[in-house]
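What follows is a single structure, written as structure tokens, with notes after it.
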Amino acid sequence: SATGVSIDSRSVEPGDLFVALAGVRDGHATADGKDWGVGFNLGYLFQLDQATRFGLAYRSSISHKLKGDAVWDFSHATTDPVTNAVLAHASGKKNSAALVKLQTPETISASVFRQLDAKWAAMADLTWTRTSRLANLNIEFPGTIQGDEVIRQQWKNTYRLSLGANYRYSEQLLLRAGVAYDQSPVRSAELTHPALPDSDRYQLSFGANYKLGPQSSLDLAYSYLDFKNARANYRNDCSPLPTSTTCTGNGETTRGVYKTRLHLLGVAYNHKF
Numbered sequence: 047s048a049t050g051v052s053i054d055s056r057s058v059e060p061g062d063l064f065v066a067l068a069g070v071r072d073g074h075a076t077a078d079g080k081d082w083g084v085g086f087n088l089g090y091l092f093q094l095d096q097a098t099r100f101g102l103a104y105r106s107s108i109s110h111k112l113k114g115d116a117v118w119d120f121s122h123a124t125t126d127p128v129t130n131a132v133l134a135h136a137s138g139k140k141n142s143a144a145l146v147k148l149q150t151p152e153t154i155s156a157s158v159f160r161q162l163d164a165k166w167a168a169m170a171d172l173t174w175t176r177t178s179r180l181a182n183l184n185i186e187f188p189g190t191i192q193g194d195e196v197i198r199q200q201w202k203n204t205y206r207l208s209l210g211a212n213y214r215y216s217e218q219l220l221l222r223a224g225v226a227y228d229q230s231p232v233r234s235a236e237l238t239h240p241a242l243p244d245s246d247r248y249q250l251s252f253g254a255n256y257k258l259g260p261q262s263s264l265d266l267a268y269s270y271l272d273f274k275n276a277r278a279n280y281r282n283d284c285s286p287l288p289t290s291t292t293c294t295g296n297g298e299t300t301r302g303v304y305k306t307r308l309h310l311l312g313v314a315y316n317h318k319f
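For the sequence shown, counting from 1, position 73 maps to 119 in the numbering used here; every step adds exactly one.
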């Protein structure tokens, strides 16, 4: 069995916050914040026999209170800098502090490993994530008369299933391959924010470990992630927090279809002391 403590650094940049001005382009603001949080990890490993073992792991939720700045930009509202300055003043939007309360979700994982023979090994993992904790992202601008920003998410809990295999090619070289299916927490197109157009995805991975010496080795890894099309029909409604009677959202709607593919490469050097 195992226990651990997690110290988590979190930052958030929820994307541009738009404010409409009649007859001109939108002004926008960028908000960012940082914070540290503390959580814990628990783990248990059960050895059934010399070739089979099972594992359970838990990672706790971590609460954050991110503090940062919100900076408004009207420089592209028109082609005239003087007009832009007038519009910025008339909008009532001022640079200010930004505050976001965020609680990251906990995860529970169950895994199994089986050594099939001298060369082959197989493994599987199932992970549940409580992403329903991330209902809304509420951005407050303390000390100002401007309204808050409420990013609607209403995420659902998710599962991730992965299968993998190892092949011992030689004493020095171990080859790895795996496939995974990862659910998206986004419920619908109406809750797909343009800053994070997430969707279910498949992952295919290959890797190798090469032993350089008795105490050192080199890891190489490649992963390809293919996301399903993410449809967005997100309306930035005005939903003020209890701390404010107004809000930043102006009712604009973002529609679109997002297609995402990722190629990930990794290299690691390992040394045992």
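From the three backbone atoms N, C-alpha and C, an ideal C-beta is built for every residue, glycine too.
This one's a predicted model, so the numbers in the text were calculated from it and none came from an experiment.
Using a threshold of 7 Å, state whether the C-beta atoms of residue i and residue j are closer than that.
| i | j | result |
| --- | --- | --- |
| Thr238 | Ala276 | yes |
| Gln199 | Asn184 | no |
| Thr175 | Pro151 | yes |
| Ala241 | Gly312 | no |
| Leu102 | Ala156 | yes |
| Asp115 | Ala144 | yes |
| Ser230 | Gln249 | no |
| Val117 | Asn141 | yes |
Quick check on the burial criterion: 16 or more other C-beta atoms within 10 angstroms. Buried or exposed for residue i?
| i | result |
| --- | --- |
| Thr299 | exposed |
| Asn203 | exposed |
| Val196 | buried |
| Arg233 | exposed |
| Trp201 | buried |
| Ala68 | Residue confidence is low: Ala68 scores 43 on pLDDT, short of 50, so the model does not pin down where it sits. Its coordinate-derived value is still stated next. Ala68 should be labelled exposed. |
| Asn282 | buried |
Does residue i come out as helix, strand or coil in the three-state DSSP assignment?
| i | result |
| --- | --- |
| Ala235 | helix |
| Leu67 | Note on Leu67: pLDDT 41, under 50, position unreliable in the model; no value is reported. |
| Thr98 | strand |
| Ser230 | coil |
| Ser178 | helix |
| Ser106 | coil |
| Gly326 | What is shown of the chain runs 47 to 319, which leaves residue 326 out entirely. |
| Ala241 | coil |
| Lys318 | coil |
| Leu308 | strand |
| Gly297 | coil |
| Asp265 | strand |
| Gly114 | strand |
| Leu258 | coil |
Less than 8 Å between the CB atoms is what I'm expecting for residue i and residue j, so what's the real figure, rounded?
| i | j | result |
| --- | --- | --- |
| Arg222 | Lys165 | Contact doesn't hold; Cβ gap of about 13 Å is too wide. |
| Ala254 | Leu219 | 6 Å |
| Val146 | Leu112 | 4 Å |
| Arg105 | Thr177 | Contact doesn't hold; Cβ gap of about 13 Å is too wide. |
*Taking only runs that begin and end inside the stretch 185-221, name each unbroken beta strand (DSSP E) of 3 or more residues, in chain order.*
195-198, 204-214
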